[in-house]
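Report on the following structure.
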Amino acid sequence: MSAGVPPAKVAVFLGLCVFMFISFTLYTFVDSNAAARSSLLNQNGGSVDLLKAKVKELQNKLNHNEVIVKDLNNRLNAYNVHQPDVKDGNNEPNIGNNEPKQIPQPKDIPAGGESVVKNIVNSQQCPNTNAKSDIQMLDVYDELKFDNPDGGVWKQGFDIKYDKKKVQEEKKLEVVVIPHSHCDPGWLQTFEGYYKAQTKNILDGMATNLAEKPDMKFIYAEMSFFELWWSEQSESTKEAVKGFLKSGQLEIVTGGWVMTDEANAHLYSMVMELFEGHEFLDTQMNYKPRSHWSIDPFGLSSVLAQVTKSANLTHMAVQRVHYSVKRYLAERKQLEFRWRQLYAGDSPRTDIRTHMFPFYSYDVPHTCGPDPSVCCTFDFKRLSAHGCPWDKQPKRINSKNVASRAEMLYDQYRKKAQLYGLNVLLVPLGDDFRYDTEVEWTEQYENYKKLFEYMNSKSDWNVHARFGTLADYFKLMDERLAEETDTDKQDLPILSGDFFTYADRDDHYWSGYFTSRPFYKHMDRSVGHYVRAADVTYSLAVWKAKTNNDLPEALKQAYNRLVDARRAMSLFQHHDGVTGTARDSVVIDYGKKMLEAIEDCKAIIQQSTAYLLKLPSSAGLTVDTKHYLDKLPENIEVDIGNVIILQNSLAFKRSEVNCITVTSNKAKVTKSDSSEVKQQIQPVVKVTNGKISVVEGMFELCFVAEVPALGAAKYSVEEGDQVEMVKIEGSSGVDLSAFPSANTVQGSEVLLSNAAVTASFDAGTGMLRSIKTRNGETVEMNMEFVHYGARGRHWTKNQGGDSLSGAYLFLPDGNAKPLAQHNNKFIKMAGPVRSSLLIQGLQEAQLLQEIRLDDNTEYLEIINSVNITTQSNFELAMRIKSKDFADNDEFYTDLNGQQMIRRKRYEKLPIQAQFYPMPGAAMLQTKTKKWSVLGRQALGVASLEPGWMEIMLDRRLDQDDDRGLVQGVQDNKRTESRFRLLVEPTQLTAPESTRKLGFLSLQGHQSSLTLHYPLITMVTKEEATNSLPDTYSPLKKSLPCDVHILALRNYGEKTTYSSSGKSTVPKNEAALILQRLGVECGESRVGGDCEVYNGKLDITEYFADTPTRLNPTSLTNLDQQESKTPHLVQLEPYDLKTISIKY
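Numbered by the working numbering, the letters in the sequence shown go through residues 314 to 1456 in order.
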């Protein structure tokens, strides 16, 4: 390649050459065979149709090549005008004097033209369905036996040996010992409890000991704790800490607000908690983390690898992976790899270098080498506390024992190094809440210094050991890779896929926490919805205020409440928060923080909306939903004479059914232009003492609301002619006397139908039986509820360890047992905008299910309400079975709401291993149809038989599962779970056998978005809105339907700390984070005026107000980029891109 020619240009040029060659070949083929075809036509006059078909085929190929050329031209033009440059120059942001050389951050057009799209169909980019990789995790699962042989001192591994003479000839073994302290922001104690008891001491000790010991180093991860500590420090301490960061003596790893869970957390919350930590580091310390540290989350998602890569982090260190997978990778020296996204194909654009710990835990006994009984004796905190459980105890190092002790430790280092290929070794030195005493700082430092000095003096050992940081280790790793003369060894192997479901020993699969504490998982999505909506409306209000040069002081002060709400949401993403694995008192504390965040966000939404709509302060806007700490949300009553404002936080126009609670059946909604509003009214139904009845004097008024993108719509509530009352039918055994004009169900089935979909239910039980889709195909959908028990203690009988089901572990006592259905009762309500079925199930679970079908949708909305507080060791699930999807063993689950990964059912694995996290969706599909279940909350999901989908709803366990919590799960509450079930025709564009990635349809994506981010209803007085137009939108038009505004987040200035508290002022700038959704190639159908992304997004074409400046940045705004055309955003499938908008 000639010097100075960008690789992407070369790729485009080569692509054009390929097209010209194909075109010339096609022309030659057509011309050279003309005589032969003429002769054939004369001989077979009846072959005209065949000839026409051939001509049509050639024409299609030419048309397809024309599309390719257009796309190549577009990419060439984009390359010429859209190359961003990092401001600090050389693509290497200045992050400190001792930082490792940074891998250049991804550009819009990757080096070598390596796009993550496979091809172009009808101007639509088609994502890959698999990655080119050396290690594909689903294929590894095919290969693994999942046995558990005794590996000797490394129980889950194998015996490790090395040649003492050969190691003298190898490159020097570089050992980097990394002091660290893993601090859970809530687990056995609350966040504040841990801070006062231990974390404050840890960070105080860091500041003191790094100053006293220049060759001591330390890494730290959780910014929630660090920010609280920072707020209490003097300016001199702060400057000292900045010095430690600059010199590399201290490293902040990841820099997120917490070490996020990777199974249950939603993409939005994951990005926001990382953003929160990075904004703190940027504004307070001008520090940019580059290394990711994820040592305690219970299984690993590739989505977090994408998020960290997009935030411009360059390396990852990870720990909790199934012990069989660790052994497999260790045997092949593949514990270090480049983690590639499944949609990346052969593009390295998403690759991030990753180091995996090989052994059981991140504590000292399991990190120096394969023998924990030896390694434990080198944890010098245990000299005065804990001791070691292997009948060997630590010994203080002195001149008499240093030789023998150093040789023991060196032997462990050498053995561990045999599992990696570069003779560079990472050795963590820490555990949970370590270095909280001065004694530990001193003992670890002084004893290891003596060991290092002796080791390094032994030339025949060929080793160099010292304290270091994660950045130090990765710098050495990168240098060793660069030194390789063999091109095949100049980088790490490529791995694709994820690391669920995690098992730490025996058959102990950590699939229980996918569902534990579902009440709070439900609250988590509520707080995420309100924080996002508050951020969007607040950013738009500040933008408008700056445009008007009129930022009200009250709006300015409200930013502090927004910051607090963001941090409460971020705190719960901790891997003992949203997981449901903390003590009862800690869970309540998380709940209080989230409830306060929701209330703060409501106030901000009300205040920002009032400003945007120019409503007077007397308007008294009030969100119509009340939230509680210990029960499900409730709607407030809306009176006749009120006006409701509907706020839409999504970037597309919405037309959907919205319901309000009213006290008169004569209420109706109107628009000021007198246009028709389709609506219905129905009774509010309750179940009391096992009996279905109505709430006297209360009604639900449901209407089709139309709300513009990111905007608001006004509707008035008036008294008038009675709105059409729903038609009501009830099953046998329901007292219908309280229901107006109700009838008993007749026949063997009950139907819910609209113009597109018909759902059939059993008239005896009310359970779903089938769905007729828009193309007329009837698809079996048999729904039932099942429950599991917990197995007892008897490890030989269970062929596993002796632990029991608890907050983390799911260890059932066998197959699930169906809940009885014969006593089910139900009522059906059918109206012009919504039909629904309310089913009362087994009373032991207080099961209440509502299934809705709205007039303008193709999905069934399923709302399950359960209360299992009277049960013991009881795990409840919703199961759907369909013979129409029973042709394979594969299904798909989502990773953090970002991508759909393929799963397989394995007979070699137990039931608990078949469950995977379902933070947002699960899917089965054939070549012609797709069945998606979209969820509003995180739960566990499995497909235990072909054509089955089973989703856990709640679990109540009487005992601890031996993972440190020391309690069962018995704080259950009445809990709601919401789903949307969508069955639709589809056409696969890649063979099912080669796919590792699936796709929701565009309709599926938008259904999921509207489920997570419902319209927010606000109530006000009519006189306050007399001059208000019916609709408001800050956008000129909706964004493409496969582009989602993940966040519009107003930046904050540097927080000021004082004795009276802390205060943060909003900047005149916000982060616009765009997410390109992944859809099946050729997918374009959602209805309405939806358009798919066409390769270019011009920000100025969408926002009504003109920004003063646009700037592309890394995901969390740590690295600003320069661009000649910052208003143009190029998004490939699954991309996450941030644009800074200056008001």
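All C-beta atoms, glycine included, are put in the ideal place defined by N, C-alpha and C.
Query	Result
Cβ separation of F1198 and A1235, assumed to be a contact under 8 Å, to the nearest whole Å	That belief does not hold up - the Cβ atoms of F1198 and A1235 are roughly 12 Å apart, past 8 Å.
Where T596 falls: helix, strand or coil (DSSP)	helix
Proximity of N736 and E487 at Cβ, strictly below 8 Å	yes
H1318 classed as buried or exposed, judged by whether at least 16 other C-beta atoms fall within 10 angstroms	buried
Three-pair Cβ contact test at 8 Å for the region 585 to 594 versus the region 554 to 572	yes
Unbroken alpha helix (DSSP H) run spanning D517, endpoints	K513 to E525
Residues near S1340 in its chain [Cβ-Cβ closer than 7 Å; skip 5 each side]	none
Same chain only: Cβ atoms within 8 Å of A347, ignoring 5 sequence neighbours per side	Caution is warranted here: a pLDDT of 38 is assigned to A347, below 50, making its placement in the model unreliable, and the coordinate value is therefore given only provisionally. Excluding residues within five positions, none has a Cβ falling inside 8 Å.
Through-space distance from D745 to Q469, alpha-carbon basis	23 Å
C-beta atoms of L1049 and T1057 nearer than 8 Å	yes
Separation of L1150 from F1052, as counted between CA atoms	14 Å
Contact set for K705: own chain, Cβ-Cβ below 8 Å, skip 5 residues either direction	S686, V687, C689 and T690
Between the CA atoms of Y748 and A716 - distance to the nearest angstrom	27 Å
Euclidean distance between Cα positions of R291 and F813	Past the boundaries of the shown model lies residue 291; the chain is included only from 314 to 1456, so the question cannot be answered.
For Y1229, the residue or residues it bridges with in DSSP	V1254
Candidates F1228, K1221 and E947: closest to R1215 by CA position	F1228
In DSSP terms, what V975 is bridged to	V951 and F1012
Three-state secondary structure (DSSP) of H940	coil
Own chain, CB closer than 6 Å to I1224, minus 5 neighbours either side, in chain order	P1125
Residues near K1455 in its chain [Cβ-Cβ closer than 7 Å; skip 5 each side]	N1381, E1382, P1420, T1421 and R1422
Buried versus exposed call for G888 [16 or more other C-beta atoms within 10 Å across all chains shown]	As written in the sequence, residue 888 is His, which differs from the Gly given in the question. So H888 counts as buried.
Cβ-heavy atom distance, L1247 to the ligand ADP, below 7 Å	Annotation note on the ligand ADP: not contained in the displayed structure, which lists no ligands.
Residue span of the beta strand (DSSP E) that contains P1379, given as start and end	P1379 to R1389
Extent of the continuous beta strand (DSSP E) run through V997	Q992 to T1001
Start and end residues, alpha helix (DSSP H) containing L805	No alpha helix (DSSP H) contains L805, which DSSP labels as neither H nor E.
Q502 - containing beta strand (DSSP E), residue span	Unbroken run through Q502: none, as it is neither H nor E.
Among S1185, H1325, A1143 and Y726, nearest to L1166 - alpha-carbon criterion	A1143
Test item: CB-CB of E1404 and K1349 under 8 Å	no
Secondary structure of V855, DSSP reduced to three states	helix
Anticipated Cβ contact below 8 Å, T1299 with K1217, distance rounded	Actually they are not in contact, since the Cβ atoms of T1299 and K1217 sit about 20 Å apart, beyond 8 Å.
Contact belief for K1309 with N443 at Cβ below 8 Å, rounded distance in angstroms	5 Å
Alpha-carbon spacing of A1025 relative to G1077, whole angstroms	43 Å
Inter-stretch contact (C-beta, 8 Å, three-pair minimum) for the region 1177 to 1194 and the region 611 to 624	no
Straight-line Cα distance separating L789 from H630	Reading the sequence as shown, one finds Ala at residue 630 and not His. The straight-line gap from Cα to Cα measures roughly 14 Å.
Rounded straight-line distance, which links the Cα of N775 to that of G1102	56 Å
Burial state of S770, where buried means 16 or more other Cβ atoms lie within 10 Å	exposed
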